[in-house]
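Novice: Below is the structure I would like to discuss, written out as structure tokens.
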RNA sequence: GUGGGCGUAGCUCAGCUGGUUAGAGCGCCGCGCUGUGGCCGCGGAGGUCACGGGUUCGAGCCCCGCCGUCCACCCCA
């Protein structure tokens with residue numbers, strides 16, 4: 017529609033109910049899980065001084081080079097919409113200097129200017145956690161296990177966890193040196209693309225999918241071989257911990273991820289149900305230099321983020337029963353009032369105060385029409401109030417999911433209705 | 001940034017080699033049933049055929065452009 021109709025910008029989407037119920041479920045489940053692990057919610061600005069991201073994710077990263085939404089405000093300050101979650105959380109940590117270990121979770125949009133396609137959008141959404149102030153590998157394990165338990169809780173089954181260690185700054189630098197020397201010697205064996213651009217970010221070649229790069233990388237220096245004893249030990253504790261928690265994992269020495277801030281532990285979760293290239297549903301790692309790079313005192317950290325849109329794609333691809341179950345959940349009761357609407361006003365108010373989820377009709381529609389709306393709402397019960405009920409001082413309860421006409425309706429005194437329906441809802445939720 | 005497919009009703013789509021009032025299913029509203037949803041029957045509302053040009057006696061259909069969308073590459077959530 018380019019006929020003047022205003023629409024959402026390219027690569028962005030409106031999520032309406034009932035599809036958004038899945039979002040409520042995912043974010044709500046993540047919030048519960050994060051609280052259970054002792055993480056507190058952080059709400060921070062969706063835009064930051066562009067330096068936060070340049071110094072954070074690295075100026076040579078693809079995201080910083082070509083995908084950032086940068087703008088200048090009226091005060092001539094240069095900002096960028098956040099392309100990912102970690103850098104701004106660490107900026108907030110540096111600014112407020114909370115007592116470590118500091119554990120924060122978030123749910124936020126993230127913005128990247130790129131061509132939209134399956135599972136990739138210009139505005140997508142992530143839930144995630146960051147833990148700052150400890151380099152203990154057991155805190156890496158808290159982050160990874162939180163992610164794993166979260167995926168279990170939302171019903172994902174076909175998830176693969178890949179782990180790797182980048183080493184600390186010296187190991188990493190040494191590896192990059194070895195890699196650079198190796199590529200210089202064998203430049204002709206790189207794929208066409210990387211022959212031109214490999215030197216800006218040699219690590220990128222590691223996850224190139226072209227045959228030429230793949231075979232070259234296989235024969236070249238490896239990250240594990242470049243790790244110092246301390247980094248090797250750190251990684252060994254992480255993998256042993258995964259085994260102790262019975263979380264299946266595979267080592268992937270070529271897993272480097274897109275942001276430059278990673279040190280030591282890196283990991284990524286992929287869905288086996290997603291066939292396309294966008295099968296990563298979450299990932300993260302350790303970033304022991306990031307706080308320092310953003311002007312704070314040296315503070316190690318580890319975190320992870322997961323894309324909500326990707327989680328939904330993965331659940332759908334698995335044909336998870338969770339998807340339909342969550343989408344079909346509606347209100348529990350629906351008030352049908354053919355006496356004008358005042359009775360529905362007071363009854364819905366009392367029911368809601370008692371914790372019952374209830375909807376009603378408006379516009380003085382016919383009973384037939386209101387019942388139709390009740391049916392559509394997904395409500396289990398219709399609460400009928402007509403002239404008979406008003407005069408008799410009762411409400412008729414109609415079970416909308418019973419087929420047998422004789423068994424589906426009964427009357428409850430007006431004074432008892434709220435308690436009665438609240439009880440029905442309580443029993444229903446036990447099932 | 002590069003390349004390809006597709007834009008017809010709220011949704012999913014049909015529309016023959018260009019031919020006169022543009023169709024279906026689902027959804028929506030109403031009626032059959034002056035107090036009762038889901039099934040059934042009947043009726044109704046809803047479309048400048050994305051947009052702008054062009055060719056033609058005539059364009060939803062052909063050509064050009066443009067926007068959007070989907071998909072692939074790069075890379076990621």
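In the numbering used here, the protein residues as written are 17 to 447. From the three backbone atoms N, C-alpha and C, an ideal C-beta is built for every residue, glycine too.
1. I'd like to check one pair, residue 272 with residue 219: are the Cβ atoms closer than 8 Å?
2. Comparing C-alpha positions only, which one of 383, 124, 294 and 203 sits nearest to residue 236?
3. Can you look up residue 444 in the DSSP assignment and give me helix, strand or coil?
4. Who are the near neighbours of residue 310 in its chain, counting only those whose CB is closer than 8 Å to its CB and skipping five residues on each side?
5. So what does DSSP say about residue 234, is it helix, strand or coil?
6. Would you please state the rounded distance, in angstroms, between the beta carbons of residue 374 and residue 349? I believe it to be under 8 Å.
7. Residue range of the alpha helix (DSSP H) that residue 210 falls in?
8. Contact check, residue 333 vs residue 296 under 8 Å by CB: the rounded distance?
9. Going by DSSP, what residues sit across from residue 364 in a beta bridge?
10. Which first and last residues belong to the beta strand (DSSP E) in which residue 139 is found?
11. Under a Cβ-count criterion, where at least 16 other Cβ atoms within 10 Å of its own Cβ denotes burial, should residue 316 be classed as buried or exposed?
12. Apart from the five residues just before and just after residue 328, which ones in its own chain have a Cβ nearer than 7 Å to its Cβ?
13. Would DSSP call residue 178 helix, strand or coil?
14. Can you tell me whether residue 330 is buried or exposed, with buried defined as 16 or more other CB within 10 angstroms of its CB?
15. Rounded to whole angstroms, what is the Cα-Cα separation between residue 351 and residue 377?
16. From residue 274 to residue 300, what does the alpha carbon distance come to, in whole angstroms?
17. So, with DSSP's three-state summary, where would you put residue 263?
18. Report yes if the C-beta distance between residue 32 and residue 63 is below 8 Å; otherwise report no.
19. Between the C-alpha atoms of residue 269 and residue 247, what's the straight-line distance to the nearest angstrom?
20. Of all the options 148, 221 and 85, which has the alpha carbon lying nearest to the alpha carbon of residue 125?
21. By how many angstroms is the C-alpha of residue 339 removed from the C-alpha of residue 388?
22. In angstroms with no decimal places, state the Cα-to-Cα distance between residue 429 and residue 363.
23. What does the alpha-carbon distance come out to for the pair residue 133 and residue 365?
24. Which of the three DSSP states is assigned to residue 119 in this structure?
25. Is it right to say residue 119 is buried, meaning 16 or more other beta carbons lie within 10 angstroms of its own, or is it exposed?
26. How is the beta strand (DSSP E) around residue 401 delimited, first residue to last?
27. Indicate whether residue 13 and residue 137 have their beta-carbon atoms separated by less than 8 Å.
28. In chain order, what residues of the same chain lie with their CB nearer than 6 Å to the CB of residue 360, ignoring the 5 residues before and after it?
Specialist: Answer, in terms of the structure:
1. Mapped onto the first chain, residue 219 falls at position 203. Mapped onto the first chain, residue 272 falls at position 256. The answer is yes: Cβ separation under 8 Å.
2. Against the first chain, residue 236 aligns to sequence position 220. Measuring from the Cα of residue 236, the nearest candidate turns out to be 203.
3. The residue given as residue 444 occupies position 428 in the first chain. Note: residue 444 maps to helix in three-state DSSP.
4. On the first chain, residue 310 is found 294 positions in, with the first residue counted as 1. Cβ within range, chain order: 68, 71, 72, 103, 106, 107 and 110.
5. Within the first chain, the letter at position 218 stands for residue 234. Looking at residue 234 - three-state DSSP - the assignment turns out to be helix.
6. Mapped onto the first chain, residue 374 falls at position 358. Mapped onto the first chain, residue 349 falls at position 333. The pair is a contact, with the Cβ atoms about 4 Å apart (cut-off 8 Å).
7. Numbered from 1 along the first chain, position 194 holds the residue referred to as residue 210. Per DSSP, residue 210 belongs to the alpha helix (DSSP H) from 208-213.
8. The residue given as residue 333 occupies position 317 in the first chain. The residue given as residue 296 occupies position 280 in the first chain. Contact flag wrong, Cβ pair sits at about 14 Å.
9. As a first step, residue 364 must be located in the first chain, where it is residue number 348. Its beta-bridge partners do not exist; DSSP assigns none.
10. Here residue 139 corresponds to residue number 123 of the first chain, with the count starting at 1. From DSSP, the beta strand (DSSP E) with residue 139 extends over 139-148.
11. The residue given as residue 316 occupies position 300 in the first chain. Its Cβ being crowded by 16 or more others within 10 Å, residue 316 is buried.
12. The residue labelled residue 328 in the question sits at position 312 within the first chain. The residues are 38.
13. As a working mapping, residue 178 is identified with position 162 in the first chain. It is a strand residue.
14. The residue given as residue 330 occupies position 314 in the first chain. So residue 330 counts as buried.
15. As a working note, residue 351 is residue 335 in the first chain. As a working note, residue 377 is residue 361 in the first chain. Between residue 351 and residue 377, the C-alpha separation is close to 7 Å.
16. The residue you call residue 274 lines up with position 258 of the first chain. The residue you call residue 300 lines up with position 284 of the first chain. Cα to Cα, the separation comes out at about 10 Å.
17. Counting from one through the first chain, the residue named residue 263 turns up at place 247. Residue 263 carries a coil assignment under DSSP once its states are collapsed to helix, strand and coil.
18. Residue numbering aside, residue 32 sits at position 16 when the first chain is read from its first letter. Residue numbering aside, residue 63 sits at position 47 when the first chain is read from its first letter. Going by C-beta atoms, residue 32 is not nearer than 8 Å to residue 63.
19. Stepping through the first chain from its first residue, residue 269 is reached at position 253. Stepping through the first chain from its first residue, residue 247 is reached at position 231. One C-alpha to the other measures close to 14 Å.
20. As a working mapping, residue 125 is identified with position 109 in the first chain. The residue with the shortest Cα to Cα distance from residue 125 is 85.
21. Here the question's residue 388 lines up with position 372 in the first chain. Here the question's residue 339 lines up with position 323 in the first chain. About 25 Å.
22. As a working note, residue 429 is residue 413 in the first chain. As a working note, residue 363 is residue 347 in the first chain. Whole-angstrom Cα-Cα distance: 13 Å.
23. Here the question's residue 133 lines up with position 117 in the first chain. Here the question's residue 365 lines up with position 349 in the first chain. Taking the straight line joining both Cα atoms gives about 45 Å.
24. For the purposes of this step, residue 119 is taken as residue 103 along the first chain, with counting starting at 1. Correct three-state label for residue 119: strand.
25. In the first chain, counting from the first residue as 1, residue 119 sits at position 103. Label assigned to residue 119: buried.
26. Walking along the first chain from the start, residue 401 turns up at place 385. Residue 401 -> beta strand (DSSP E) spans 397-401.
27. Any question about residue 13 goes unanswered here, given that the chain covers just 17 to 447.
28. Position 344 of the first chain, counted from the start, is the residue given in the question as residue 360. Cβ neighbours of residue 360 beyond the five flanking positions: 351, 353 and 376.
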